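Take a look at the structure set out below.
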DNA sequence: TCAATAATCGAACAGACATTAGATTATTTT
DNA sequence: AAAATAATCTAATGTCTGTTCGATTATTGA
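Residue numbers (our numbering), protein chains in the order written: chain C, 1 to 215; chain Z, 1001 to 1215.
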């Protein structure tokens, strides 16, 4: 057996989605390449056709998740809405996004540490291996930059609101961390079958946070 | 070499502290028994004199962390302070506790999932092994109950404050999750060398949360 | 249609790791 | 001071897992 017919062939994105799902449930180290492969009806070996190694696969999952959420939030942050409305919509987008794709949300919270633990190739490794590792480190750095940009979108809106007196003055850094902590935690406890929908949860959280910013 | 002199001998608690520290940095699966042992100058094998296995060690770390924080917060929750003051002090205790013992704080957030992943003994295992596993499952259930009690302490204070009109009415469940998310996140980003002390961070977070509850 | 390329597989490997067994030495109890 | 117990070690075991290799088959382009 080799190479499935085109209509059963697995795309890179299929793998990313399945991987996020498995990662969410088990965590990076407890997730085997075999587990991920099984989720898309492949063997572990086949994954190496799509990704250089396990670390690169994890990074790709996180990159995809981050881009998704950034694409939702950036337009709002750059819009000309009043500060309060802008922040409200950003909260909605982030929280609802987390509840809609719990796999990616939880991964973003839990698996980032595993990214940092990627081990260097041994000193006797080939030149190619060292290059692969350097590329990985580069991409990883870019990922962290993007993540900081994401946090910064919220920070900027809070600061702007304070400056134009629509928000009560707060410590921008701590307020932002407080807010993002509340959001991220949703990805940990949210269950689709729970009492409230993602939309309702987002509204309640936004209400609390905006209330604390009322001048 | 065997058995160190009494004054160099390692206690169960020494191991728990060191283990929490290593776990925080690497995560459960990436932490080897050897790593933990090395942190207290033992060999991996010696750890098995103190703990049945790796899962039991993790559980013991988490139990210790939870008890510490419960001991701080229960007396406040059961005091007769006004609701707002009570909640403020509970927030202080929780957040400051997280910044003082980041090892345990981060473990409580990140490693709980690993607890659930503990694998059953194979069907051909000895009776003793099955008993060990049953005991573990029992202790783990107790741990989760205690953790829910912890969350409930906050929930009760919020509800009480709403009922006696010191707090603006909010959805108690969501507000509590929002609050605990903000707290737990501190354990993720806090660095001792950062701009603000644990005390200052706690004050700013409490201010934000209490402000959102002002009637 | 035929060569090139893409996607997959089975098998095998080397390394790491949790755990056990048995020996050895320090402390405590009788 | 002898016996029992506690704490540690070294060595070995078995399993699991990421990764590589070479073969095999589907698709695509010339």
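Idealized CB from N, CA, C, for every residue including glycine. Predicted model, so just to flag it, every value in this text is computed and none were measured.
At least 8 Å separates the CB of residue 53(C) from every CB of chain Z. At a cut-off of 8 Å between C-beta atoms, residue 113(C) counts as an interface residue with respect to chain Z. Within the segment 7-35 of chain C, those residues whose Cβ lies closer than 8 Å to any Cβ of chain Z are, in chain order, 26, 27, 28, 29 and 30. Just so you know, the alpha carbons of residue 1197(Z) and residue 1191(Z) end up roughly 9 Å apart. Among the residues facing chain C, residue 1155(Z) is not included, as its CB has no counterpart in that chain under 8 Å away. In terms of Cβ geometry, residue 1175(Z) and residue 208(C) form a close pair [threshold 8 Å]. Rounded to whole angstroms, the gap between the alpha carbons of residue 202(C) and residue 1024(Z) is 30 Å. It is roughly 9 Å from the alpha-carbon of residue 63(C) to the alpha-carbon of residue 147(C). Here residue 1028(Z) is buried: its Cβ has 16 or more other Cβ atoms, across all protein chains shown, within 10 Å. CA-to-CA, the gap between residue 1172(Z) and residue 11(C) works out to about 44 Å.
As summarised for the segment 1034-1078 of chain Z, the continuous alpha helix (DSSP H) elements at least 4 residues long and confined to that stretch are 1044-1050 and 1054-1077, given in chain order. Using a 10 angstroms sphere on the CB of residue 1195(Z), the tally of other CB atoms stays under 16, which defines it as exposed. Counting C-beta atoms within 10 angstroms of its own C-beta, residue 111(C) has 16 or more neighbours from the protein chains shown and is therefore classed as buried. Counting only residues of its own chain and dropping the five nearest sequence neighbours on each side, residue 104(C) has a CB closer than 6 Å to the CB of 20 and 65.
No residue range can be given for residue 197(C), since it is assigned to no alpha helix (DSSP H) and is classified by DSSP as neither H nor E. Assigned with DSSP and collapsed to three states, residue 1167(Z) falls in coil, not helix or strand. Taking C-beta atoms under 8 Å as the contact rule, residue 182(C) and residue 205(C) qualify, at a distance of about 6 Å. The CB of residue 171(C) comes closer than 7 Å to the CB of 1204 in chain Z, given here in chain order. From the beta-carbon of residue 110(C), the residues of chain Z found nearer than 8 Å are 1110 and 1113.
By the 16-neighbour rule on beta-carbons within 10 angstroms, residue 1212(Z) is buried. Secondary structure note for residue 1106(Z): its alpha helix (DSSP H) is the uninterrupted segment 1102-1110. Only those residues of the segment 117-151 of chain C whose C-beta falls short of 8 Å from the nearest C-beta of chain Z are listed: 117. Between the segment 133-148 of chain C and the segment 48-60 of chain C there are three or more C-beta pairs closer than 8 Å, enough to call the two in contact. Between the C-alpha atoms of residue 68(C) and residue 45(C) there is a straight-line separation of about 28 Å.
Closest by C-alpha distance to residue 96(C), out of 215(C), 186(C) and 193(C), is 186(C). Neighbours of residue 175(C) in chain Z, taken as residues at a C-beta separation under 7 Å, are given in chain order as 1208.
For residue 1193(Z), no alpha helix (DSSP H) encloses it, and the DSSP letter there is neither H nor E.
Taking CB atoms only, residue 1039(Z) has no neighbour in chain C less than 8 Å away.
Restricting attention to 1113(Z), 1131(Z), 1150(Z) and 1040(Z), the CA atom closest to the CA of residue 1094(Z) is found in 1150(Z). Identification of chain Z residues near residue 178(C) by a Cβ-Cβ cut-off of 7 Å yields 1182, 1205 and 1208, ordered along the chain. Taking 8 Å as the cut-off, the Cβ atoms of residue 1165(Z) and residue 1215(Z) count as close. DSSP, reduced to helix, strand and coil, places residue 1026(Z) within a helical segment of the structure shown. In the displayed model, residue 80(C) falls within coil according to three-state DSSP, outside both helix and strand. Scanning its chain for C-beta atoms nearer than 6 Å, with the 5 sequence neighbours on each side dropped, one finds around residue 98(C) the residues 105, 186 and 187, in chain order. An exposed status is given to residue 1129(Z), since fewer than 16 other beta-carbon atoms sit within 10 Å of its beta-carbon.
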